[in-house]
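For the sequence shown, numbering that gives the first Met the number 0 begins at 0 and goes up steadily by one.
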Amino acid sequence: MNVTAQQREAFSLACERAALSLRGQNGIGSLGEKTLHLAMKYFYEPEETRHERKVQGYVADIFSERGVVEIQTARLDRLAPKIGAFLPVSDVLVVCPIAVEKWVIWVEPVSGAIGERRKSPAAARPLATVAELYALKPYLGAPGLSVDIACLGVEEYRLLDGYGENKKKRATKYEKVPVALREILRLETARDYARLLPDFLPDPFTSRELSAAAKIRVGDAQKALNVLHGVGAVARVGKRGNTYLYMRR
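Listed below in structure tokens is the structure:
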């Protein structure tokens, strides 16, 4: 869905609040909660008394009369047991923040000196996030479960502690700081998932054709199609050799 001016303002305030909360705890961010995760918590629920609440033996990022909100920046497989515990007693919203715009900032690890900010050509793709939702496949489409793919502009701080002359190869990605909210993609129904497919796909299409059209890896395209098929967004209509053919429903 399109982001309103009110949402943009709320997101900016959440980012400022997260930065102030973590300031001085270990330079940029902290070894515990990171700026991105905390900013998303403040955006979805400004009231701190509703953060880190015990539900069904697990700690939920947010719990209020509207239900549970879980913000997951990586490793969605770790979330599956919690979703299974939460859904029988509460609506659940899973938030997946992704960097559709990224600026890289290099940091000298000893002095803390910060280099210039440069735009990265890398951009996360919502369909690649759908591939990660494979870990939650048994719950997708279940009553009470929603997924938000929050498309963000992000500053990524990297330490100059890697290999090579410039120390950038395999360097530590230290912190991601959100700077802008571009779009929120709410996934609940098969139609919501189907909207993530590129408009210019052939009909029928293969996972390799989806990979090329969506600019994601073939493995991610295969997993995404598995998820889309599971929620009813696409149908398998045969094979081309050993490869499944798909059509939008």
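Here a beta-carbon is modelled for each residue, glycine too, at the ideal position from N, C-alpha and C.
Out of Leu151, Ala141, Arg216, Ser63, which has the shortest C-alpha to C-alpha gap to Leu184?
Leu151
Go ahead and label Gly28 buried or exposed: buried means 16 or more other beta carbons lie within 10 angstroms of its beta carbon, across all protein chains shown.
Per-residue confidence for Gly28 stands at a pLDDT of 43, beneath the threshold of 50, marking its modelled position as unreliable; the derived number appears in the next sentence. Per the 10 Å Cβ criterion, buried.
Using the three-state DSSP reduction, which class does Arg49 fall into: helix, strand or coil?
helix
Suppose the cutoff is 6 Å on Cβ atoms and the five residues either side in sequence are ignored; what does the same chain contact list for Leu126 look like?
Leu195, Ala213, Ile215, Ala223
Taking its Cβ as the centre, do 16 or more other Cβ atoms sit within 10 Å of Ala17, making it buried, or is it exposed?
buried
In the DSSP assignment, what residue or residues form a beta bridge with Ile183?
Ala149
From the DSSP output, read off the bridge partner residues of Pro95.
It should be noted that the sequence gives Cys, not Pro, for residue 95. Residue pairing by DSSP puts Cys95 in a beta bridge opposite Ile148.
For Met246: DSSP bridge partner residues
Ala234
Roughly how many angstroms lie between the CA atoms of Val103 and Gly114, to the nearest whole one?
If I take the Cα positions, the gap works out to 9 Å.
Thinking just about the alpha-carbon of each residue, which of Ile148, Val68, Ser119, Gly240 is nearest to the one in Thr128?
Closest by alpha carbon: Ile148.
The segment 127 to 147 touching the segment 201 to 211, judged by at least three CB pairs closer than 8 Å:
no
With distance defined between alpha-carbon atoms, name the residue in Arg65, Ala189, Asp219 nearest to Ala234.
Ala189
Among the candidates Arg207, Ala211, Gly229, whose CA atom is the shortest distance from the CA of Tyr243?
Arg207
Which same chain residues end up closer than 6 Å to Leu105 when comparing Cβ atoms and leaving out the 5 residues on each side of it in sequence?
Reading off the sequence shown, one finds Trp at residue 105, where the question assumed Leu. So the qualifying residues of the chain are Gly114, Arg157, Leu159.
Taking Cβ to Cβ, would you say Ala73 is nearer than 8 Å to Val153?
Going by C-beta atoms, Ala73 is not nearer than 8 Å to Val153.
Would Leu209 and Val2 qualify as a contact pair, given that the criterion is a beta-carbon distance under 8 Å?
no
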